[in-house]
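Participant: Residue numbers (the working numbering): 365 to 516.
Sending over a structure as structure tokens; questions will come in a sec.
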Amino acid sequence: MAGRKANTKRSQPSVEAKKPAVRKRQAGAAHDPATYRRLALALPGVVESSHMGAPDFRIDQGGKQRIFATLAYGSKGLGTLMLSAEQQETFLAEAPEYFSAVPGGWGRMGATLVRVDAPESVLAGALFTAYHHVLAKMSAKRPAGSGSRNRA
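So, in structure tokens, the structure goes:
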């Protein structure tokens, strides 16, 4: 019996020792959007600009630019991604602890908030998805040639 109690005591501290390290990493990353920025700028043809006073990340194709991500809520530890409504639904279902819809109409159209303290692999995948979603929309409009003239 005494041996079992000793083993139980030994295993408990090792579990407890892991918890503070995780908390410390998450708390420090929450106010530092540097990883989000670095990952966004690593994608091909991406430039950083500003939209309504907030940093944004745009795909630049021959002078035409479209925003695919922002740090509009960077001070709150959040980035914004331009996704399709279906992509947003998938991200919300798979990782609700990191993703939420932007309030209002933009959110219903796929604009999604992501916590910048999410694991780097989560941020990279989300930025990649937003990048390719917007890139596809840009490419789809190009061949038509008269896209804006036919709109009401």
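Cβ atoms here follow ideal geometry from the backbone N, Cα and C, with glycine treated the same way.
By DSSP, does residue 538 sit in helix, in strand, or in coil?
Facilitator: Given that the chain is displayed from residue 365 to residue 516, the structure contains no residue 538 and the question cannot be resolved.
Participant: Please list the terminal residues of the continuous alpha helix (DSSP H) segment that includes residue 400.
Facilitator: Looking up residue 400 in the sequence shown gives position 36. First-last of the alpha helix (DSSP H) with residue 400: 398-405.
Participant: Is DSSP giving residue 495 helix, strand or coil here?
Facilitator: Reading the sequence shown from its first residue, position 131 is the one you call residue 495. Residue state, collapsed to three classes: helix.
Participant: Per DSSP, what kind of secondary structure is residue 458 in: helix, strand or coil?
Facilitator: Counting from one through the sequence shown, the residue named residue 458 turns up at place 94. If DSSP states are grouped into helix, strand and coil, residue 458 belongs with the helices.
Participant: Residue 443 by DSSP, collapsed to three states: which one?
Facilitator: Taking the first residue of the sequence shown as 1, we reach residue 443 at position 79. Here residue 443 sits in strand by DSSP.
Participant: Considering only DSSP beta bridges, list what residue 465 is partnered with.
Facilitator: Here the question's residue 465 lines up with position 101 in the sequence shown. DSSP output for residue 465 lists 476 as bridge partner(s).
Participant: Can you name, in chain order, every residue of its own chain whose Cβ lies under 8 Å from the Cβ of residue 403, other than the five neighbours on each side?
Facilitator: Along the sequence shown, one-based indexing puts residue 403 at 39. Taken in chain order, the residues that qualify are 484, 487, 488 and 491.
Participant: To the nearest angstrom, report how far apart residue 396 and residue 499 are at their CA atoms.
Facilitator: Taking the first residue of the sequence shown as 1, we reach residue 396 at position 32. Taking the first residue of the sequence shown as 1, we reach residue 499 at position 135. Rounded to the nearest angstrom, the two C-alpha atoms are 27 Å apart.
Participant: Check residue 448 in the structure and name its three-state DSSP category.
Facilitator: Here residue 448 is taken as the residue at index 84 of the sequence shown, counted from 1. If DSSP states are grouped into helix, strand and coil, residue 448 belongs with coil.
Participant: Please classify residue 454 as buried or exposed, where buried requires at least 16 neighbouring CB atoms within 10 angstroms.
Facilitator: For this step, residue 454 is matched to residue 90 along the sequence shown. Exposed, by the Cβ-count rule.
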